[in-house]
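Step one of this worksheet: look at the structure below.
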Amino acid sequence: MDQQPENYQYTSITIPLLIGEVNIANDPSTKAKPEYNIVDSVTPGGSTSFYRTCLNVVNFLSGVGILALPYALVAGGWLSLTFLFVIASCAFYSGLLIRRCMDMDSSIRSFPDMGERAFGTKGRALVSFFMHTELYIGVTGFMILEGDNLNNIFPGVSFRIDGFVNIGGKESFVVLAALIILPTVWLKDLSLLSVVSGGGVLATLILVCSIVWNGAFDGIGFHKKGTLMNWKGIPTAISLFSLSSCSHPVFPSIYPSMSNPKQYSKVMIVSFFICTVTYAFIAIMGYLMFGQEVMSQISGIYQRFGYELMLIVGIVFVGIISAITGTYTALVELVRHYHF
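In terms of my numbering, the sequence shown opens at residue 3 and continues consecutively.
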């Protein structure tokens with residue numbers, strides 16, 4: 003292995019991937035390949051502080067999947083909660099692997115770049131296809147969910163353009179949400195998105211407090227026992243737990259935007275710890291409140307309450323807006339980078 007700077011620390015986290023014993027410069031089989039240099043950070047650093055970066059990552063992780071976590075325990079039982087911590091640990095470590103890949107070469111700025119370093123041009127094309135497809139479908143799903151939630155709060159809303167088209171309530175709210183979000187994707191500095199991220203984190207906090215309040219003071223209580231393990235429902239539980247930790251498309255944009263990229267690992271630790279504890283708390287509280295009747299009980303709450311439902315859906319609205327902003331920004335960053 004080539005000699006590295008004296009101040010470079012060799013750990014399982016800081017040593018970049020794909021660095022072996024072969025001397026690339028002297029190996030005839032790799033004469034056409036560029037020589038990669040190990041650097042301490044991918045860029046000199048952006049302008050986003052440690053706390054703002056944590057706020058952004060927590061917002062990206064705290065998605066709409068948080069409301070489905072109690073049902074994950076319904077599907078898999080109490081012991082399935084261990085998969086939440088296993089999946090969160092894997093997601094956390096893969097976030098660190100992203101940094102190691104980006105530290106390999108300062109030109110690596112996205113997943114397609116990593117795909118090219120690993121598998122060549124075909125790897126870039128394949129990773130780009132799946133990356134753009136995932137981001138596009140994710141944003142589309144968020145927009146549809148946004149339209150449904152707003153239509154539940156304001157039913158019967160529609161717009162009619164005489165002689166042209168009649169736009170229904172859901173479609174109208176989807177268009178409205180898109181118009182609100184669109185200006186945010188033009189921002190090149192992620193530090194400016196911390197305000198939006200603050201709204202998403204605040205919405206999640208209010209949602210957690212609302213669940214605790216309903217269980218402690220509205221007569222629901224925390225008395226359900228549930229089941230210990232349901233092997234048939236483990237795949238469902240794992241899929242729901244995985245949904246709550248899938249924010250990796252934005253990580254390549256997070257790292258170079260930091261004013262001190264060396265704090266990236268600390269950001270991952272703090273953010274994943276906060277989100278995982280919150281996920282576990284929501285799952286446990288929801289399961290203790292409703293037990294195996296989570297779905298039917300939630301339907302009953304929808305029928306019984308008015309302003310509470312509006313509050314919950316409004317909170318979800320803010321959270322989805324924040325999630326769309328982060329995901330859409332990652333998509334636009336890829337498009338800008340490759341000039342599509």
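Yeah, the Cβ is synthetic: ideal placement off N, Cα and C, and Gly gets one too.
Small disclaimer: the values here were computed from a predicted structure and weren't measured.
Since Asn61 is in the alpha helix (DSSP H), which residue starts that stretch and which ends it?
For the purposes of this step, residue 61 is identified with residue 59 of the sequence shown, where counting begins at 1. 52 to 63 is the span of the alpha helix (DSSP H), which, as asked, contains Asn61.
Count the other C-beta atoms from every protein chain shown that fall within 10 angstroms of the C-beta of Asp277, then say buried if there are 16 or more, exposed otherwise.
For the purposes of this step, residue 277 is identified with residue 275 of the sequence shown, where counting begins at 1. In the sequence under discussion, the amino acid at residue 277 is Cys, which differs from the Asp named in the question. Cys277 should be labelled buried.
Are Tyr281 and Pro72 close, meaning C-beta to C-beta below 8 Å?
Translated into positions along the sequence shown, residue 281 becomes position 279. Translated into positions along the sequence shown, residue 72 becomes position 70. Not a contact, by the Cβ cut-off of 8 Å.
What's the C-alpha gap between Gly158 and Ala90?
Here residue 158 refers to the residue found at position 156 when the sequence shown is read from its first residue. Here residue 90 refers to the residue found at position 88 when the sequence shown is read from its first residue. Rounded to the nearest angstrom, the two C-alpha atoms are 41 Å apart.
For Phe87, I'd like the list of residues in its chain whose CB is within less than 7 Å of its CB, leaving aside the five on either flank, ordered along the chain.
Position 85 of the sequence shown holds residue 87. Within the same chain, Phe87 has close Cβ partners Thr278.
Going by DSSP, what residues sit across from Arg162 in a beta bridge?
In the sequence shown, residue 162 corresponds to position 160, counting from 1. Looking at the DSSP assignment, Arg162 forms a beta bridge with Asn168.
Per DSSP, which one or two residues make a beta bridge with Met260?
Locating residue 260 in the sequence shown gives position 258, counting from the first residue. Answer by DSSP bridge pairing, in chain order: Thr50.
Between the alpha carbons of Ile236 and Arg162, how many angstroms are there, rounded?
In the sequence shown, residue 236 corresponds to position 234, counting from 1. In the sequence shown, residue 162 corresponds to position 160, counting from 1. One C-alpha to the other measures close to 47 Å.
Beta-carbon within less than 8 Å of Ile271's beta-carbon, same chain only, minus the 5 sequence neighbours each way: which residues are those?
On the sequence shown, position 269 is the one that residue 271 refers to. Cβ neighbours of Ile271 beyond the five flanking positions: Phe94.
Taking Lys124 as part of the alpha helix (DSSP H), name the residues at either end of that continuous run.
The sequence position of residue 124 within the sequence shown is 122, counting from 1. Residues 113 to 155.
Measure the CB-CB distance between Leu230 and Leu69 and report whether it falls below 8 Å.
For this step, residue 230 is matched to residue 228 along the sequence shown. For this step, residue 69 is matched to residue 67 along the sequence shown. Taking a C-beta distance under 8 Å as the contact criterion, Leu230 and Leu69 do not qualify as a contact pair.
With DSSP as the reference, label Ser247 as helix, strand or coil.
Along the sequence shown, read from residue 1 onward, the residue named residue 247 stands at position 245. Ser247 falls in the coil class under three-state DSSP.
Report yes if the C-beta distance between Ala285 and Leu152 is below 8 Å; otherwise report no.
Here the question's residue 285 lines up with position 283 in the sequence shown. Here the question's residue 152 lines up with position 150 in the sequence shown. No, the Cβ-Cβ distance between Ala285 and Leu152 is not below 8 Å.
So the candidates are Leu204, Ser174, Arg111; which of them puts its Cα closest to the Cα of Ile146?
Reading the sequence shown from its first residue, position 144 is the one you call residue 146. When each option's Cα is compared against that of Ile146, the closest is Ser174.
What does the Cβ neighbour count give for Asp107, buried or exposed, with the cut at 16 atoms within 10 Å?
Within the sequence shown, residue 107 is the residue found at index 105, counting from 1. Looking at its Cβ environment, which holds 16 or more other Cβ atoms inside 10 Å, Asp107 is buried.
Hey, out of Val269, Leu63, Phe283, Glu118, whose CA is closest to Gly217's CA?
Taking the sequence shown and counting its residues from 1, the one referred to as residue 217 is at position 215. Ranking the options by Cα distance to Gly217, first place goes to Phe283.
Can you tell me where the alpha helix (DSSP H) with Asp105 in it begins and where it stops?
Counted from its first residue, the sequence shown places residue 105 at position 103. Per DSSP, Asp105 belongs to the alpha helix (DSSP H) from 83 to 106.
Considering only residues of the same chain and omitting the five flanking positions on each side of Thr55, which have a CB-CB separation below 7 Å?
Taking the sequence shown and counting its residues from 1, one reaches residue 55 at position 53. Only Ile256, Met260, Val269 meet the Cβ criterion.
Report all residues from its chain with a CB closer than 8 Å to the CB of Leu128; omit the five preceding and five following residues, and keep chain order.
Against the sequence shown, residue 128 aligns to sequence position 126. Contacts found: Gly117, Phe121.
Using 8 Å as the threshold, is the C-beta distance between Gly293 and Gly221 below it?
Taking the sequence shown and counting its residues from 1, the one referred to as residue 293 is at position 291. Taking the sequence shown and counting its residues from 1, the one referred to as residue 221 is at position 219. For Gly293 and Gly221, no; Cβs fall outside 8 Å.
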